[in-house]
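Participant:
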Amino acid sequence: MEFTYDPPDVPLSVLHIGGRIIVLDKPSGLLSVPGKLEGREDCLIARLVDEYPEALLVHRLDCDTSGVMIFARDKVAQGFLGQEFEKRRAKKSYVARVWGVVGPDKGRVDLPLCADWPNRPKQMVDHVNGRQAVTDWEVIGRGNGETRVRMFPLTGRSHQLRVHMAELGHPILGDPIYADGAALAFPRLMLHAETLGLHHPETKGWVSFASVCPF
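Position 100 of the sequence shown, counted from 1, bears residue number 100 in UniProt numbering, the numbering being contiguous throughout.
1) Which same chain residues, not among the five before or five after Arg89, have their C-beta less than 7 Å away from its C-beta?
2) Starting from Asp25, trace the beta strand (DSSP E) both ways and give me its first and last residue.
3) Roughly how many angstroms separate the alpha carbons of residue 229 and Lys36, rounded to a whole number?
4) What distance in whole Å lies between the Cβ atoms of Lys26 and Gly67, which are believed to be in contact at a cut-off of 8 Å?
5) Which residues does DSSP pair with Gln123 in a beta bridge?
6) Can you name the start and end residues of the alpha helix (DSSP H) that Arg157 belongs to?
7) Using the Cα positions of Ala179 and Asp64, report the straight-line distance between them to the nearest angstrom.
8) Closer than 8 Å by C-beta to Lys75: which residues in its own chain qualify, once you throw out the five before and the five after it? Chain order, please.
9) Our contact map puts Val33 next to Ile45 with C-beta atoms below 8 Å; I'd like the distance itself, whole angstroms only.
10) What span of residues does the beta strand (DSSP E) with Ile45 cover, start to end?
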């Protein structure tokens, strides 16, 4: 798929900085890590390492998704935080604007996903080869032919929220891969990582971080 990379020229937005972790508010349109093709070296981890050379990646957000991302400041913290995600102890919520009026007030999508290899990076539902993917969601607003939803991914598959909402018939507005027609006519993907909660690598206590939804 064609992908024009034009990352925003904005300063780092730091939500929290401590001895073991750094939490940033990632802007939409900026890769989390360098892309494989030439011209896609600029990314959030590269910008962060320019200021904090010890920073280490823990997880990723899609290029077009904004919101909370956590980074480690040493290898031990990186390993600990990685386990928080791998063991599904980390709790995340996202806010999205989706196409159409969603009828129910809440629900769960349980559809296995895998890569649509001929159309990478697109993902697809595959009941034979797909990996389990589960998303809980709730409506937080309706109007003007669209719905605002809050989503709680119980798994962390690539493009999970985007595919699941599209499968419900309500693609996320501005999604260049899973939306079409009038649902594409938006300046960005209307998906934001609103909150992230997990255990702190030093204190082992529960901490949570939040970013105000920009749309």
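Just so you know, even glycine gets a beta-carbon here, dropped at the ideal spot from N, CA and C.
Facilitator: So, from the data block:
1) Walking along the sequence shown from the start, residue 89 turns up at place 89. Counting only Cβ-Cβ distances below 7 Å, and skipping sequence neighbours, we find Leu198, His199.
2) Within the sequence shown, numbered from 1, the residue matching residue 25 stands at position 25. Unbroken beta strand (DSSP E) run through Asp25: 21-26.
3) Any property of residue 229 remains undetermined from this structure, which presents the chain solely from 1 to 215.
4) Locating residue 67 in the sequence shown gives position 67, where the first residue counts as 1. Locating residue 26 in the sequence shown gives position 26, where the first residue counts as 1. Yes, they are in contact, since the Cβ atoms of Gly67 and Lys26 sit about 6 Å apart, within 8 Å.
5) Position 123 of the sequence shown holds residue 123. DSSP output for Gln123 lists Ala115 as bridge partner(s).
6) The residue labelled residue 157 in the question sits at position 157 within the sequence shown. Run containing Arg157: none; DSSP gives neither H nor E here.
7) Translated into the one-based positions of the sequence shown, residue 179 becomes position 179. Translated into the one-based positions of the sequence shown, residue 64 becomes position 64. Looking at the two C-alpha atoms, the distance is approximately 14 Å.
8) For the purposes of this step, residue 75 is identified with residue 75 of the sequence shown, where counting begins at 1. Leu56.
9) Reading the sequence shown from its first residue, position 33 is the one you call residue 33. Reading the sequence shown from its first residue, position 45 is the one you call residue 45. About 6 Å separates the two Cβ atoms, so the contact holds.
10) Reading the sequence shown from its first residue, position 45 is the one you call residue 45. Looking at the DSSP string, Ile45 is not in any beta strand (DSSP E); the run it does join, the alpha helix (DSSP H), is 44-51.
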